[in-house]
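Asks: Heads up: the sequence lines are chains A and B, in that order. Residue numbers for the first sequence follow the numbering used here, beginning at 8 and rising by one. Residue numbers for the second sequence follow the numbering used here, beginning at 8 and rising by one. The beta-carbon is built from N, C-alpha and C at its ideal position, and this holds for glycine as well. Attaching a single structure in structure tokens format; questions to follow.
There are 2 protein chains.
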Amino acid sequence: MARPTPLSGFPEWLPEGRIVEQHVLDVLRRTFELHGFAGVETRAVEPLDQLLRKGETSKEVYVLRRLQADPQQEDRGDTLGLHFDLTVPFARYVLENAGHLAFPFRRYQIQKVWRGERPQDGRFREFIQADIDVVGAGSLPYHYEVELPLVMAEALSALQEVGVPPVRVLVNNRKVAEGFYRGLGLDDVEAVLRSIDKLDKVGPEVVAELLVEEAGASADQATACLELAAISGPDEGVVDRVRDLAKRYDVSSDLLDEGLEELGMLIRAAAVRLPGTVVADLKIARGLDYYTGSVYETVLVGHEHLGSICSGGRYDTLASDGATTYPGVGLSVGVSRLVSRLLSAGLVRATRAVPTAVLVAVTDEDSRQRSDEVAAALRNRGIPVEVAPAAAKFGKQIRHADRRGIPFVWFLGAEGAPDEVKDIRSGEQVVADAAAWEPPAADRWPRVVPGDAH
Amino acid sequence: MARPTPLSGFPEWLPEGRIVEQHVLDVLRRTFELHGFAGVETRAVEPLDQLLRKGETSKEVYVLRRLQADPQQEDRGDTLGLHFDLTVPFARYVLENAGHLAFPFRRYQIQKVWRGERPQDGRFREFIQADIDVVGAGSLPYHYEVELPLVMAEALSALQEVGVPPVRVLVNNRKVAEGFYRGLGLDDVEAVLRSIDKLDKVGPEVVAELLVEEAGASADQATACLELAAISGPDEGVVDRVRDLAKRYDVSSDLLDEGLEELGMLIRAAAVRLPGTVVADLKIARGLDYYTGSVYETVLVGHEHLGSICSGGRYDTLASDGATTYPGVGLSVGVSRLVSRLLSAGLVRATRAVPTAVLVAVTDEDSRQRSDEVAAALRNRGIPVEVAPAAAKFGKQIRHADRRGIPFVWFLGAEGAPDEVKDIRSGEQVVADAAAWEPPAADRWPRVVPGDAH
């Protein structure tokens with residue numbers, strides 16, 4: 008087999024990169040669990056008709072076929088596809104297990120998803136998502152729309168100590184947008200949202216044209232939509248500015264008022280709990296997703312051009328079985344996109360590429376068992392250890408440790424002499440007892456720390 | 008959408024089951040890392056021709072197709088399939104990254120794999136495997152064949168405290184089998200192994216017939232093979248019994264001698280490090296897998312009919328790029344099969360289904376922010392907390408905690424009175440300060456404990 012090459016769009020990390028990724032996942036998991044979210048894992052596949060239920064062809068589903076399948080048994084409507092997000096499978100899981108869950112049900116889910124899109128910078132065909140959602144049976148109070156983005160911001164902010172840039176959560180409310188558009192006389196709300204969603208890509212002039220051509224807006228209405236989209240800010244002043252704008256265009260709408268009240272609550276609560284993190288941004292549209300209240304996007308400060316690394320919002324109908332409707336609110340982090348950037352930009356690194364803190368040297372193959380015993384004694388006290396591959400000259404064993412990034416080498420004492428341990432970085436070598444010696448706390452496990460870019 | 012039903016072969020757990028599974032994964036990961044194995048994660052897909060390289064059609068690969076793919080671009084030899092194990096992707100990863108890895112390279116890998124086989128008890132189409140392997144560049148000393156099954160046995164034994172039955176690791180050595188068969192005059196070693204592999208399923212009479220029909224054995228040779236397969240035991244007596252058998256059938260073989268010496272070393276080391284766990288069993292054949300030295304299977308004591316939950320062995324050629332050959336040795340735990348049994352047999356359970364230790368009650372919606380502040384203060388000290396969904400009557404809030412399995416409910420003091428916290432299991436309610444109160448250690452997080460079957 009010739010040396011294989013990577014597959015575009017299917018990222019993999021070297022062991023050091025995986026330590027960074029695992030740390031990110033561990034920190035997210037811990038924060039989610041501290042907030043009472045239960046871990047759920049769903050199968051990777053869903054029936055194809057369920058994946059396409061909302062017409063999500065833009066997400067390019069991968070369809071599965073059994074290589075040995077009987078062709079006569081194919082295409083019976085039981086075709087399976089790989090999930091392209093964790094929301095569709097979670098909605099199905101809630102319906103399937105509703106009788107066993109207590110609502111409002113809080114869950115986190117960290118899994119790979121697959122999209123057959125053309126790979127490009129920051130867009131992968133296989134990537135890890137980390138989602139949190141709260142779902143109610145029949146109803147779900149608004150305060151969860153305040154809580155969820157704050158939990159996610161807290162989880163991402165907990166990564167700042169290892170060198171992850173601060174995050175800024177951009178929030179909007181569909182009710183504000185819809186109420187304003189309808190109040191202006193624009194009834195094709197979807198077409199307006201679709202146009203506004205392109206603002207960052209094509210700029211206001213082109214969006215104005217789109218609004219006229221595709222949403223049936225007059226030049227004046229288009230200007231109003233663009234003025235709304237231009238409003239952003241970290242405090243309640245934003246709400247006042249929207250009210251002023253509405254007054255100026257003679258827009259009056261209960262939906263707009265309701266949305267502004269909700270947006271104001273979110274901004275006020277965020278200013279108390281995570282000052283400076285949440286910003287209202289009235290141009291956030293979230294394209295065609297079926298949100299009905301708050302919507303969220305999250306950027307890394309200083310890396311805004313990477314786009315949103317964490318998005319979500321409120322669905323009035325996350326799932327429904329006819330008898331009961333399940334509203335939900337949640338956010339999803341694109342972990343692979345985040346980790347890829349952290350590694351490629353040198354923002355975060357691991358202090359070593361192996362778990363091992365100590366390599367126990369082997370004096371000769373006949374005494375390997377003694378080295379194994381020292382290793383077991385150290386491991387019993389929670390120190391990660393491996394034993395040298397061969398009883399080579401000690402210089403060679405030290406070079407092996409160095410190549411693997413292992414900081415300490417342990418030498419067995421000859422004929423009753425005590426053991427010794429060498430810090431191969433400083434060269435310092437001291438007498439040591441396997442029943443008592445401790446590595447410095449900073450060396451016990453590989454740590455994740457700010458990288459060279461800092 | 009009507010209530011969906013589970014897909015056969017694609018297991019999913021309720022949150023309580025997922026806590027058990029996560030605990031199993033955490034314990035395996037910790038043991039592997041204590042032994043210096045680095046975590047690696049590979050993409051879920053491999054080129055189809057690589058998946059079929061060893062003719063593994065019995066593992067029934069799932070092939071992928073992009074729903075939106077241009078038909079003209081299909082079947083260009085770049086068809087992808089889901090991996091059916093973690094060995095094929097790891098071999099490819101080693102070749103692809105050889106220049107960045109220090110050999111012998113120790114890695115663990117915990118991921119889902121997919122096989123399109125007919126689902127049946129304990130066999131899934133999607134399941135989690137947890138693998139450890141050591142791979143050398145050019146050569147790999149025998150002592151790793153002793154180390155690896157002991158690491159895995161230690162990892163699985165670490166689960167006994169939560170109610171997992173003890174494991175028994177059954178070991179054999181391909182060199183013993185091959186040396187003995189060739190010494191007998193049977194040169195189609197694969198055919199013999201294939202027949203012996205069926206012993207547990209069809210019994211010795213049928214295997215004797217298979218040996219005659221498919222491996223070209225005489226009745227006498229078939230008897231000899233069955234006598235070898237009948238040998239098992241926990242100590243070196245096994246080696247002597249094989250030597251006696253070989254002498255009786257006039258078999259003399261350097262390969263047999265080498266295999267017996269290796270098997271003896273493994274048995275001796277295991278008796279010192281994990282007494283009573285490793286048993287030599289000369290019928291272990293591992294079917295058509297391409298092992299060249301030690302082979303391993305692992306059964307749960309008392310659940311032997313479940314089959315092997317952890318298997319592996321030595322490959323002289325795990326991978327090769329023409330210039331360098333990479334020998335390896337490793338084992339793979341079928342985590343889903345294990346967890347499925349632990350849950351269905353009531354061997355293991357979680358003390359609750361949610362991470363949450365404390366539900367902070369809400370007195371009225373206007374004071375929700377005070378409840379949020381108490382929750383934040385408790386979380387800051389590592390206590391998992393959620394806030395009540397609504398300012399309902401306290402009785403209703405307590406019932407909500409009870410339904411979710413949350414042991415404590417926190418009440419805010421009215422008008423300067425101190426807060427109080429109630430253990431809803433005992434009914435005991437005490438004055439508490441959010442800056443200092445600690446739950447009992449056993450209640451802080453859900454624990455995994457022996458289930459009702461114990």
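Over what stretch of residues does the alpha helix (DSSP H) that includes residue 140(A) continue unbroken?
Replies: Unbroken run through residue 140(A) is the beta strand (DSSP E), 133–142; no alpha helix (DSSP H).
Asks: Would residue 328(B) count as contacting chain A if we go by Cβ distances under 7 Å?
Replies: yes
Asks: Per DSSP, what kind of secondary structure is residue 1(A) in: helix, strand or coil?
Replies: Residue coverage of chain A in this structure runs from 8 to 461, which leaves residue 1(A) outside it and unanswerable.
Asks: Given a cut-off of 7 Å on the beta-carbon distance, is the pair residue 17(B) and residue 124(B) in contact?
Replies: no
Asks: Are the CB atoms of residue 88(B) and residue 70(B) nearer to each other than 7 Å?
Replies: yes
Asks: Do we get a CB-CB distance below 7 Å when we pair residue 69(A) with the residues of chain B?
Replies: yes
Asks: Does DSSP put residue 69(A) in a helix, in a strand, or in coil?
Replies: Under the three-state reduction of DSSP output, residue 69(A) falls in the strand class.
Asks: Please return the same chain residues whose Cβ sits closer than 6 Å to the Cβ of residue 398(A), not counting the five positions on each side in sequence.
Replies: 369, 371, 372
Asks: From this set, 428(B), 188(B), 240(B), which residue's C-alpha is nearest residue 287(B)'s C-alpha?
Replies: 240(B)
Asks: Note the first and the last residue of the continuous alpha helix (DSSP H) segment covering residue 1(B).
Replies: Limits of chain B in this structure are 8 at one end and 461 at the other, which puts residue 1(B) out of reach.
Asks: For residue 279(B) and residue 443(B), I'd like the C-alpha separation in whole angstroms.
Replies: 48 Å
Asks: Could you pull the DSSP bridge partners for residue 327(A) from this structure?
Replies: 332(A)
Asks: Going by Cα to Cα distance, which pick from 292(A), 246(A), 261(A), 298(A) is closest to residue 273(A)?
Replies: Selected option, being the one with the closest Cα: 246(A).
Asks: Applying the 10 Å Cβ sphere with the 16-neighbour rule, what's the burial state of residue 387(A)?
Replies: exposed
Asks: Could you tell me whether the region 355–369 of chain A touches the region 435–453 of chain A, where touching means 3 or more Cβ pairs closer than 8 Å?
Replies: yes
Asks: Check the DSSP bridge columns for residue 366(A) and list the partner residues they point to.
Replies: 393(A), 416(A)
Asks: Less than 8 Å between the CB atoms is what I'm expecting for residue 183(A) and residue 156(A), so what's the real figure, rounded?
Replies: Their Cβ separation, rounded to whole angstroms, is 16 Å, which puts residue 183(A) and residue 156(A) out of contact at 8 Å.
Asks: Rounded to whole angstroms, how far is the Cβ of residue 430(A) from the Cβ of residue 381(A), which I believe are closer than 8 Å?
Replies: Actually they are not in contact, since the Cβ atoms of residue 430(A) and residue 381(A) sit about 17 Å apart, beyond 8 Å.
Asks: Let's test the definition: count the other Cβ atoms within 10 Å of the Cβ of residue 422(A) and tell me whether it reaches 16, buried, or not, exposed.
Replies: exposed
Asks: Determine the contact status of residue 339(B) and residue 321(B), defining contact as a CB-CB distance below 7 Å.
Replies: no
Asks: Comparing the C-beta of residue 109(A) with each C-beta of chain B, is any distance below 7 Å?
Replies: yes
Asks: Tell me, please, which residues DSSP counts as bridged to residue 307(B).
Replies: 174(B)
Asks: Helix, strand or coil: how does DSSP classify residue 264(A) here?
Replies: Residue 264(A): helix per DSSP, three-state reduction.
Asks: Is it the case that the region 96–115 of chain B contacts the region 101–116 of chain A, given that we only count it when at least three CB pairs across the two stretches are under 8 Å?
Replies: no
Asks: Pick out whichever of 217(B), 113(B), 55(B), 333(B) has its Cα sitting closest to the Cα of residue 85(B).
Replies: 55(B)
Asks: Any beta-carbon of chain B closer than 7 Å to the one on residue 167(A)?
Replies: no
Asks: Buried or exposed for residue 119(B), going by 16 or more other Cβ atoms inside 10 Å?
Replies: Buried is the label assigned to residue 119(B), since at least 16 other Cβ atoms lie within 10 Å of its Cβ.
Asks: Put residue 57(A) into one of helix, strand or coil per three-state DSSP.
Replies: helix
Asks: Which one of 23(B), 307(B), 393(B) has the shortest CA to CA distance from residue 357(B)?
Replies: Shortest Cα-Cα distance from residue 357(B) to any of 23(B), 307(B), 393(B) involves 23(B).
Asks: Is the distance from the Cβ of residue 329(B) to the Cβ of residue 460(B) below 7 Å?
Replies: no
Asks: Count the other C-beta atoms from every protein chain shown that fall within 10 angstroms of the C-beta of residue 324(A), then say buried if there are 16 or more, exposed otherwise.
Replies: exposed
Asks: Checking contacts by CB at 7 Å: is residue 49(B) closer than that to chain A?
Replies: Yes, residue 49(B) lies at the interface with chain A (some Cβ there is under 7 Å from its Cβ).
Asks: Does the separation of the CB atoms of residue 180(B) and residue 35(B) fall below 7 Å?
Replies: no
Asks: Distance cutoff 7 Å, beta carbons only. Does residue 103(A) sit that close to anything in chain B?
Replies: Interface annotation, residue 103(A): in contact with chain B, CB-CB separation under 7 Å.
Asks: From the beta carbon of residue 220(A), is the nearest beta carbon of chain B less than 7 Å away?
Replies: no
Asks: Provide the residue(s) that pair with residue 251(A) in DSSP beta bridges, ordered along the chain.
Replies: DSSP lists no bridge partner for residue 251(A).
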